[in-house]
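What follows is a short report on a single structure.
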Amino acid sequence: MKMAENKYLMFLGCAIPYRVSAYEISARKILQKLGVELVEMPEFNCCGLPLDPVSHEMMVMLAARNLALAEQKGLNIITLCPGCAGTLKKVNKMLKEDKALREEINEHLKEAGLEFKGTIDVKHLMQVLIEDIGLEKVKNTVVKPLIMLKVAEHNGCHILRPKEFIGFDDPEDPKTLKTLIEATGATCLDYMDETECCGAPSVGVNDKIALQLARDKLNHIKMVNAQAMITICPFCHIMYDTNELRIEKMFNETYGIPVLHYPQLLGLAMGIPPEELAFNDLRVDVSNILKQVAEGEK
Amino acid sequence: MSETEQKRIKASEIDPKFKYEIAKMPGGEKLMRCFQCGTCTSDCPVARFSDTYRPRQIIRMAQLGLRERVLSSDTLWLCAACFTCTDRCPQDVEVASVIRVLRNLAAEKGYVPQVFKEQAMSILESGYAYKIPELRIKKRESLGLPQLPKSNPKSIRKMLCEVSFLKFIEKKGE
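Protein sequence lines, in the order shown, are assigned to chains S and E. Its first residue numbered 1, the first sequence is counted upward by one per residue in my numbering. Its first residue numbered 1001, the second sequence is counted upward by one per residue in my numbering.
Okay, here's the thing in structure tokens:
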């Protein structure tokens, strides 16, 4: 099926509407600016990822249900969450390639009047920006280059690994987010263990280990004097922004490193007023960054 | 019983068929290829901060057939599923997926941390992994966001009714 250009079905997932609105608000703003049309899912459920540990079968069914719902709309899916992207991509690939599994799952979907046919693709926001819209077009929307900022990137694991299922960027040396950050005019700094996990999946099982992982990263970012950290995942953002104060208290450290969703950074460079990019939602004080950006304009 | 005695493996504990059972499940197929090089453990971000979580050891226990010991182990639930081990395994074992297979088997026996049960229940009740407060859903309009698409918990429950884990938690809930 030929897909409409620059038109996607928005798959929100659960974490974003639950507690990470700033990511959604800013992502919608920049996509609008780039001429992308977003259509809402007619209905959706959890992508399935949180249930993979207890039942792989349930995960596959939940993901397949979402894919079948999206197919009815005849549009490719865009997700903001790497967890949703990774899960939907994986199950999409499994069902497209494995006829026996597809038939088995379709038996379950039939009752709900749904069928998986394998007619659409799933892309994460970063992938849409780099592959579909293209770096040139992104750069062309930048009216206020953020040359005064030196930041560090953090990719979400599930948009990189396992490589076999994701097939996007190089998990050992990812370049996409860096390239997209540099498109805003900001400098993207290298640091130790850049591709390491934020620890979010261990929250609730062993909080101390989860927070130690996040702390490790904040330490490495602090070492290179990054003014901010840039994420593209709601869970990673919660680990570093929402939990930064908790980490500081627990380990007696001081970071004060603001954590921005990538669309907030791009939005600033696009000249979108900060108040439209939901900076108020961030826990760690971001006023220094906003001040520097505002002064840079003078 | 002394600590050494507790750790000692008894022949009666070993189930030689366990590894074949794992290898039949999606993701577990390549368990037998592991030659214990330790790349998984040395690259594991969780192992760096845990005194007990060692993916190589979990794989070895599975290969040996220490069914009860590995399935009842708390450390099984520490994996953050970052898939670094899977990507770097020189034998292509899909370590994180083998661990997921073991967790699935453990969950069926009732060994599962509360947080996973809660998310499963939330999905069954609301369709979403978290119970999104009504206030948040209403607030979307004032934030200029479109309405949150509805889910269909009834249809989801029907689709999942044959899954064994679901039967397990529903039975427990009675």
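Ideal Cβ positions, reconstructed from N, Cα and C, are used throughout, including at glycine. Remember, predicted model here, so these are calculated numbers, not experimental data.
Beta-carbon spacing of residue i, residue j below 9 Å
i, j, result
"residue 212 of chain S", "residue 165 of chain S", "no"
"residue 259 of chain S", "residue 231 of chain S", "yes"
"residue 257 of chain S", "residue 284 of chain S", "yes"
"residue 116 of chain S", "residue 67 of chain S", "yes"
"residue 1093 of chain E", "residue 1034 of chain E", "yes"
"residue 40 of chain S", "residue 1153 of chain E", "no"
"residue 146 of chain S", "residue 282 of chain S", "no"
"residue 1132 of chain E", "residue 8 of chain S", "no"
"residue 34 of chain S", "residue 137 of chain S", "yes"
"residue 1049 of chain E", "residue 55 of chain S", "no"
"residue 121 of chain S", "residue 92 of chain S", "yes"
"residue 1123 of chain E", "residue 1129 of chain E", "yes"
Where residue i falls: helix, strand or coil (DSSP)
i, result
"residue 150 of chain S", "strand"
"residue 1014 of chain E", "coil"
"residue 1076 of chain E", "helix"
"residue 8 of chain S", "strand"
"residue 1203 of chain E", "The structure shown does not extend to residue 1203 of chain E, since chain E spans only 1001 to 1174, so no value can be given for it."
"residue 1037 of chain E", "coil"
"residue 91 of chain S", "helix"
"residue 187 of chain S", "strand"
"residue 282 of chain S", "coil"
"residue 144 of chain S", "coil"
"residue 1154 of chain E", "helix"
"residue 291 of chain S", "helix"
"residue 301 of chain S", "Not covered by the structure: residue 301 of chain S. The range shown for chain S is 1 to 298."
"residue 134 of chain S", "coil"
"residue 1167 of chain E", "helix"
"residue 1148 of chain E", "coil"
"residue 163 of chain S", "helix"
"residue 101 of chain S", "helix"
"residue 1101 of chain E", "helix"
Classification of residue i by the beta-carbon crowding that lies within 10 angstroms, buried from 16 upward
i, result
"residue 48 of chain S", "buried"
"residue 53 of chain S", "buried"
"residue 254 of chain S", "exposed"
"residue 89 of chain S", "buried"
"residue 192 of chain S", "exposed"
"residue 62 of chain S", "buried"
"residue 236 of chain S", "buried"
"residue 1087 of chain E", "buried"
"residue 224 of chain S", "exposed"
"residue 1174 of chain E", "Unreliable positioning characterises residue 1174 of chain E in this predicted model, as indicated by a pLDDT of 44, which lies under 50. The coordinate reading is nonetheless provided below. That one is exposed."
"residue 151 of chain S", "buried"
"residue 1001 of chain E", "Confidence at residue 1001 of chain E is low in this model, with a pLDDT of 48, below 50, so the placement of that residue should be treated as unreliable; the coordinate-derived value is given next. Label assigned to residue 1001 of chain E: exposed."
"residue 176 of chain S", "buried"
Secondary structure, beta strand (DSSP E): runs of 3+ residues fully inside the region 193-240 of chain S: Every beta strand (DSSP E) stretch that sits fully inside the region 193-240 of chain S and reaches 3 residues is listed by chain position as 228-231.
Contact residues within the region 1059-1089 of chain E, judged by C-beta distance below 7 Å to chain S: So the close ones are 1077, 1078, 1080, 1081, 1082, 1083, 1084, 1086 and 1087.
Beta strand (DSSP E) segments (min. 3 residues) lying fully within the region 38-82 of chain S: The beta strand (DSSP E) runs lying completely inside the region 38-82 of chain S and spanning 3 residues or more are 77-79, given in chain order.
Proximal residues, the region 233-266 of chain S versus chain E, C-beta separation under 9 Å: Result list empty, no residue passes.
Interface positions of the region 1132-1163 of chain E facing chain S (Cβ-Cβ less than 9 Å), listed along the chain: Those residues of the region 1132-1163 of chain E that come within reach of chain S (Cβ to Cβ, closer than 9 Å) are 1132, 1133, 1136, 1137, 1139, 1140, 1143, 1144, 1145, 1146, 1147, 1148, 1149, 1150, 1151, 1152, 1153, 1155, 1156, 1158, 1159, 1160, 1162 and 1163.
4 or more residues per run - each alpha helix (DSSP H) lying fully within the region 1046-1077 of chain E: Inside the region 1046-1077 of chain E, DSSP marks whole alpha helix (DSSP H) runs of 4 or more residues at positions 1055-1064 and 1067-1071, from first to last along the chain.
Interface residues of the region 189-214 of chain S facing chain E [CB-CB below 9 Å]: Result list: 193, 195, 196, 197, 198, 199, 200, 201, 202, 203, 204, 205, 206, 208, 209, 210, 212 and 213.
Contacting positions in the region 143-171 of chain S - beta carbon closer than 7 Å to chain E: So the list reads 157, 161, 162, 163 and 171, given in the order they occur along the chain.
Residues, ordered as in the chain, of the region 1020-1047 of chain E that lie near chain S by beta-carbon distance below 8 Å: Correct list: 1025, 1026, 1027, 1045 and 1046.
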